[in-house]
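There are 2 protein chains.
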Amino acid sequence: MIPPRLIFRKDRMMVLDQRLLPDRIEYIAVRDAAGTAKATRDMALRGAPLIGCAAAFGFALEMRRLKPGTSADIERLARRTAGLLKAARPTAVALFYAADRMLDLALAFAAAHPGKLSPAARGKFPALLDKEARLLTAEDEKACRDMGEHGAALLPRNCVIMTHCNAGALATMGIGTAVGVITAAHRKGKIKHAYSCETRPYLQGARLTIWELMREGVPSELITDNMAAHIIKTCGVNAIVVGADRIASNGDTANKIGTYALGVIARYHKIPFYVAAPTPTIDMTAKDGDAIVIEERSCDEVTYVKGARIAPKGVKVRHPAFDVTPASLITGIITEKGVISPVTRANVRKNLGK
Amino acid sequence: MIPPRLIFRKDRMMVLDQRLLPDRIEYIAVRDAAGTAKATRDMALRGAPLIGCAAAFGFALEMRRLKPGTSADIERLARRTAGLLKAARPTAVALFYAADRMLDLALAFAAAHPGKLSPAARGKFPALLDKEARLLTAEDEKACRDMGEHGAALLPRNCVIMTHCNAGALATMGIGTAVGVITAAHRKGKIKHAYSCETRPYLQGARLTIWELMREGVPSELITDNMAAHIIKTCGVNAIVVGADRIASNGDTANKIGTYALGVIARYHKIPFYVAAPTPTIDMTAKDGDAIVIEERSCDEVTYVKGARIAPKGVKVRHPAFDVTPASLITGIITEKGVISPVTRANVRKNLGK
Chain A
133 MIPPRLIFRK DRMMVLDQRL LPDRIEYIAV RDAAGTAKAT RDMALRGAPL
183 IGCAAAFGFA LEMRRLKPGT SADIERLARR TAGLLKAARP TAVALFYAAD
233 RMLDLALAFA AAHPGKLSPA ARGKFPALLD KEARLLTAED EKACRDMGEH
283 GAALLPRNCV IMTHCNAGAL ATMGIGTAVG VITAAHRKGK IKHAYSCETR
333 PYLQGARLTI WELMREGVPS ELITDNMAAH IIKTCGVNAI VVGADRIASN
383 GDTANKIGTY ALGVIARYHK IPFYVAAPTP TIDMTAKDGD AIVIEERSCD
433 EVTYVKGARI APKGVKVRHP AFDVTPASLI TGIITEKGVI SPVTRANVRK
483 NLGK
Chain B
133 MIPPRLIFRK DRMMVLDQRL LPDRIEYIAV RDAAGTAKAT RDMALRGAPL
183 IGCAAAFGFA LEMRRLKPGT SADIERLARR TAGLLKAARP TAVALFYAAD
233 RMLDLALAFA AAHPGKLSPA ARGKFPALLD KEARLLTAED EKACRDMGEH
283 GAALLPRNCV IMTHCNAGAL ATMGIGTAVG VITAAHRKGK IKHAYSCETR
333 PYLQGARLTI WELMREGVPS ELITDNMAAH IIKTCGVNAI VVGADRIASN
383 GDTANKIGTY ALGVIARYHK IPFYVAAPTP TIDMTAKDGD AIVIEERSCD
433 EVTYVKGARI APKGVKVRHP AFDVTPASLI TGIITEKGVI SPVTRANVRK
483 NLGK
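One line per chain: the protein sequences are A and B, in this order. The first sequence begins at 133 in the working numbering and counts up one residue at a time. The second sequence begins at 133 in the working numbering and counts up one residue at a time.
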C-alpha cells in the first residue's frame with residue numbers, strides 16, 4: 133500500500149513529504165496557497181497530476197481563509213491565488229489546468245453574485261470550491277484507473293518493462309500514470325520484470341518508483357540512468373513507459389530529464405515507447421515542443437546528494453529539470469480516453485474529442 | 133596541474149587515492165602485488181592505462197620483495213603474481229597487457245639463468261623489472277601525447293564536445309586518452325565548450341573529469357548522464373570522445389557503463405563518436421564485443437552515495453560496471469598510432485601494423 137499523498141481537512145491539507153521517502157513517512161500541514169506553492173517548489177510535493185490536485189485544494193483553502201466580502205474581492209483574490217500557484221512549477225500543465233479551473237469557478241460565482249456577498253453566498257463559496265477540488269481529485273483517480281487498463285492492454289505477455297522518474301501513485305491521487313500501467317498489467321499477470329531508472333539528480337526512481345514497485349510486489353530492479361541502453365540490449369526489455377509533465381498539441385512531450393534519451397534508445401532498439409498521462413497534461417495552446425518552457429533548477433540539486441557534495445567547489449553545472457521527446461519517437465500516448473497512436477496532431481485532437 | 137597518480141620508489145609505490153578526489157589529495161603506500169590488486173579492486177586506483185602501469189610496478193615490487201633464488205622460483209612466483217594482478221579488474225585489458233609483459237620478461241630471465249641464481253643475477257633481476265615498468269609508463273605517457281595530436285586534428289574549430297567517465301590524466305601516466313584529446317585541442321584553441329557526464333554510480337565525471345577540465349582551464353560544465361541527449365540536441369554538441377577498457381578485434385568497445393547509450397544518442401543526432409585508447413587496450417583474442425566479460429560490481433555502489441543510502445532497504449539492483457558499444461556506432465578509434473576509421477576488423481589490424 134502506498135500512503136495517501138494528500139489528506140484534505142476543512143482548514144488544512146496534509147501533504148506527504150516526498151523528499152523523505154522511502155525512509156520516513158511524514159506530512160506537512162499546508163493551510164494556504166503560499167504553503168502549497170512552497171511545498172511544490174521545495175519538491176516535498178511533486179508529480180504533475182498530484183501538484184494539480186494539491187493546487188485545487190490549496191486554492192479552496194486560500195479562499196476560505198481570505199473570506200472575500202464582495203464579488204470584486206473574489207475576482208481579485210482568485211486571480212492572485214491562481215497566479216501564485218501556477219508560478220510554483222512552470223512546466224506542469226496539470227497545475228495550470230487545476231488552478232484555471234478553480235479560478236473559472238470562482239469568477240463564475242462572482243459573476244453570479246455581483247456586489248456585496250450575502251451571508252448565504254459567503255458560506256456557499258468555499259464549500260463550492262472544496263467540492264470542485266474533491267471532484268478534480270476523483271477525476272484524477274479514475275483517469276489513472278482507465279490509463280492502467282488502456283496501457284496494460286498494449287503490453288505483451290511476459291513483458292519486461294522500463295520506466296523513468298516517478299509517474300506512480302505518488303505522483304497522482306490514484307494508481308499512477310506510467311507506474312499505474314505497470315501495476316495494472318502486473319495484476320493481469322503480464323509483467324515478467326520491471327526496471328526503474330534512478331533518475332538523477334533528484335532520484336525519484338531510486339527513492340519512489342522502485343519503492344512503489346516493491347510494495348506492489350512487481351518483480352523489479354533499480355538501475356542507474358546510464359545503464360538503460362545496456363539493459364535494454366541485454367535483458368530483453370520490450371517496452372518503455374513514462375509519464376509526462378506537458379504534452380504539446382502535436383504530441384511532443386515534456387517530461388523529467390532523461391526521458392528524451394530513453395526515447396532515442398528505444399527507437400534504436402526498435403521497442404515501443406509509451407507516454408501515459410491524463411488529458412489535462414495536453415496543452416493545446418502549445419503548437420509543439422519548442423513552445424514548452426523547460427525549468428532550469430538549482431545546481432546544488434546536482435552537486436549535492438543527501439547533503440554531501442559530489443563535485444569540485446566552483447564547478448559549473450547545467451540542470452534542466454525536463455526535456456522534450458518529439459512525437460516521432462513516441463509509439464503511443466495513453467490517456468484516460470484511450471491511446472493516441474500514431475502520435476499526430478489530428479489523433480491528439482481526436483482523443484480529446486475536439 | 134593534475135597531481136602525480138603514481139610515484140615510484142625503490143621499495144614502494146605511492147598511489148593517489150582517487151576515491152578522495154577532488155576533496156583531498158592523499159597517497160596510499162603500496163609495497164607488493166596484493167596491495168596493488170587491492171587498490172585496484174577498491175577503486176583507489178582506476179583508469180585502464182594507469183592500472184596497467186601500476187600493475188607493472190606492483191609486479192616489480194613483488195619480485196624484489198620475494199627474492200626468488202632459482203629460475204624455478206622466478207617462474208612459479210612470476211606466474212602467481214601476474215595472476216593475482218590480473219584478477220583485480222577483469223575488463224581492463226591494459227592490465228593484462230602489463231602483467232603479461234612483466235611475466236614474459238621474468239620467464240625470459242629465468243630461461244636465460246637456469247637453476248640457482250648467481251648473486252649478480254639476483255641483483256640484476258629486480259632492476260630489470262623496475263626498468264621495464266618505467267619503460268611501460270613512459271610509453272603510456274607518449275601514447276597519450278600522440279593520441280592527443282591525432283584526436284585534436286579530427287575536431288572542428290569551436291568544437292562543443294562531450295565526454296563520459298574519466299579517461300583523463302588521472303586514468304593514465306600522461307595527459308589522458310579522451311580528456312587528453314580535449315586538452316590538446318583546447319591548447320590549439322579549438323574547444324568552445326566541454327560537457328562532462330557525471331558517470332553514475334561512481335561519479336568519475338563529477339569528481340575527476342570536470343576537475344581536470346577546470347584545472348586545465350577548459351570552458352566546461354558538469355551534467356547528469358541522463359541530460360546528455362537533451363544537451364546534445366539543444367547546445368550544439370558536435371563530437372563525443374570517450375576512453376576504452378577493452379576493444380575487441382572488430383572494434384567493438386567495452387567502456388564505463390553509459391558509453392553505449394552515448395553511442396546510440398550520437399548516432400541519432402548524427403554527430404561523430406570517437407574512442408581514444410592506446411593500442412594495449414585492443415584485445416586481438418576477442419573476436420567481438422560478445423567475447424568481453426562485463427564486471428558486475430557491488431550493489432552498494434549504486435544504493436549508497438558518499439555513505440548515504442539513496443534507495444529503499446532490500447531493493448534489488450543491477451550494477452554492470454561496463455557496457456559494449458558496437459563498432460558500427462563508432463566514427464573512429466584514436467590510438468597512439470593514428471585513427472582507425474571506418475572501424476572495421478581490417479582497419480584495426482592495420483593500425484596495429486599486423
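Idealized CB from N, CA, C, for every residue including glycine.
Q) Taking Cβ to Cβ, would you say residue 375 of chain A is nearer than 7 Å to residue 317 of chain A? A) No, the pair does not count as a contact, with Cβ atoms beyond the cut-off.
Q. Can you list, in chain order, the residues of its chain whose CB lies under 7 Å from that of residue 484 of chain A, leaving out five sequence neighbours each side?
A. 411 and 414
**Q.** Any beta strand (DSSP E) of 3 or more consecutive residues that is wholly inside the segment 221-299 of chain A
**A.** For the segment 221-299 of chain A, whole beta strand (DSSP E) runs of length 3 or above, ordered along the chain, are 291-295.
Q.
Between which two residues does the beta strand (DSSP E) holding residue 353 of chain B run?
A. 352-355
**Q.** C-beta neighbour in chain A for residue 302 of chain B, strict 7 Å
**A.** no
(Q) Cβ closer than 7 Å: which chain A residues qualify as neighbours of residue 438 of chain B? (A) 437, 440 and 442
Q: Give every residue of the same chain whose Cβ lies closer than 8 Å to the Cβ of residue 368 of chain B, excluding the five residues on either side of it in the sequence, and list them in chain order.
A: 292
Q: Kindly list, in the order they appear in chain B, the residues whose Cβ is closer than 7 Å to that of residue 452 of chain A.
A: 359 and 362
Q) Hey, how far is the Cα of residue 421 of chain B from the Cα of residue 323 of chain B? A) Using only the alpha carbons, I get a separation of about 32 Å.
Q | Given 8 Å, three or more beta-carbon pairs between the segment 256-269 of chain B and the segment 343-351 of chain B | A | no
Q: Just grab the DSSP bridge partners of residue 145 of chain B for me.
A: B:140 and B:162
**Q.** Residue(s) in a DSSP beta bridge with residue 470 of chain B
**A.** B:467
Q | the segment 383-399 of chain B: positions lying closer than 9 Å to chain A by Cβ | A | 388, 389, 390, 391, 392, 393, 394, 395, 396, 397 and 399
Q) According to DSSP, which residues form a beta bridge with residue 318 of chain B? A) DSSP lists no partner for residue 318 of chain B.
Q) Taking the alpha-carbon positions, what's the residue 325 of chain A to residue 290 of chain A distance? A) 8 Å
Q. Would you say residue 185 of chain A and residue 278 of chain A are within 7 Å of each other, going by their C-beta atoms?
A. no
Q: With 8 Å as the C-beta to C-beta threshold (strictly closer), list the residues of the segment 344-356 of chain B near chain A in chain order.
A: Residues of the segment 344-356 of chain B whose Cβ lies closer than 8 Å to any Cβ of chain A, in chain order: 346, 352, 353, 354, 355 and 356.
Q: Would you identify the three-state DSSP class for residue 344 of chain A, choosing helix, strand or coil?
A: Note: residue 344 of chain A maps to helix in three-state DSSP.
Q | Three or more C-beta pairs below 8 Å linking the segment 437-448 of chain B and the segment 395-412 of chain B | A | no
Q: Taking residue 419 of chain B and residue 381 of chain B to be in contact with their CB atoms under 8 Å, please state how far apart those CB atoms are, rounded to whole angstroms.
A: 6 Å between Cβ atoms; contact.
(Q) I want to see whether chain B comes within less than 7 Å of residue 299 of chain A, judged by CB atoms only; does it? (A) Not one beta carbon of chain B lies nearer than 7 Å to the beta carbon of residue 299 of chain A.
Q: Closer than 6 Å by C-beta to residue 298 of chain B: which residues in its own chain qualify, once you throw out the five before and the five after it? Chain order, please.
A: 336, 340 and 341
Q | Nearest-angstrom Cα separation, counted from residue 143 of chain A out to residue 247 of chain A | A | 26 Å
Q) Can you tell me where the alpha helix (DSSP H) with residue 197 of chain A in it begins and where it stops? A) 180-198
(Q) Taking the straight line between their C-alpha atoms, what separation do you get for residue 269 of chain B and residue 305 of chain B? (A) 6 Å
Q | Interface residues of the segment 246-270 of chain A facing chain B [CB-CB below 9 Å] | A | Taking 9 Å as the upper bound on Cβ-Cβ separation, chain B lies near no residue of the segment 246-270 of chain A.
Q. At a Cβ threshold of 7 Å, is residue 448 of chain A touching chain B?
A. At least one chain B Cβ lies under 7 Å of residue 448 of chain A.
Q: Could you tell me which chain B residues have their CB closer than 8 Å to the CB of residue 462 of chain A, listed as they occur along the chain?
A: Chain B residues near residue 462 of chain A: none, gap ~14 Å exceeds 8 Å.
Q. So which residues of chain B does residue 339 of chain A contact, with C-beta pairs closer than 9 Å?
A. Chain B residues near residue 339 of chain A: 442, 443 and 444.
Q: Give a yes or no on whether 7 Å exceeds the smallest Cβ distance from residue 455 of chain B to chain A.
A: yes
Q | C-beta atoms of residue 192 of chain B and residue 265 of chain B nearer than 7 Å | A | yes
Q) Would DSSP call residue 428 of chain B helix, strand or coil? A) Three-state DSSP puts residue 428 of chain B in a strand.
(Q) Need the endpoints of the beta strand (DSSP E) that residue 110 of chain B sits in, please. (A) Chain B is shown from 133 up to 486; residue 110 of chain B falls before or after that span and cannot be answered.
Q) Does the Cβ of residue 267 of chain A have 16 or more other Cβ atoms within 10 Å, making it buried, or fewer, making it exposed? A) A residue is called buried once 16 or more other Cβ atoms fall within 10 Å of its Cβ, and residue 267 of chain A, having fewer, is exposed.
Q.
Based on DSSP bridge pairs, tell me the residues matched to residue 437 of chain B.
A. B:440
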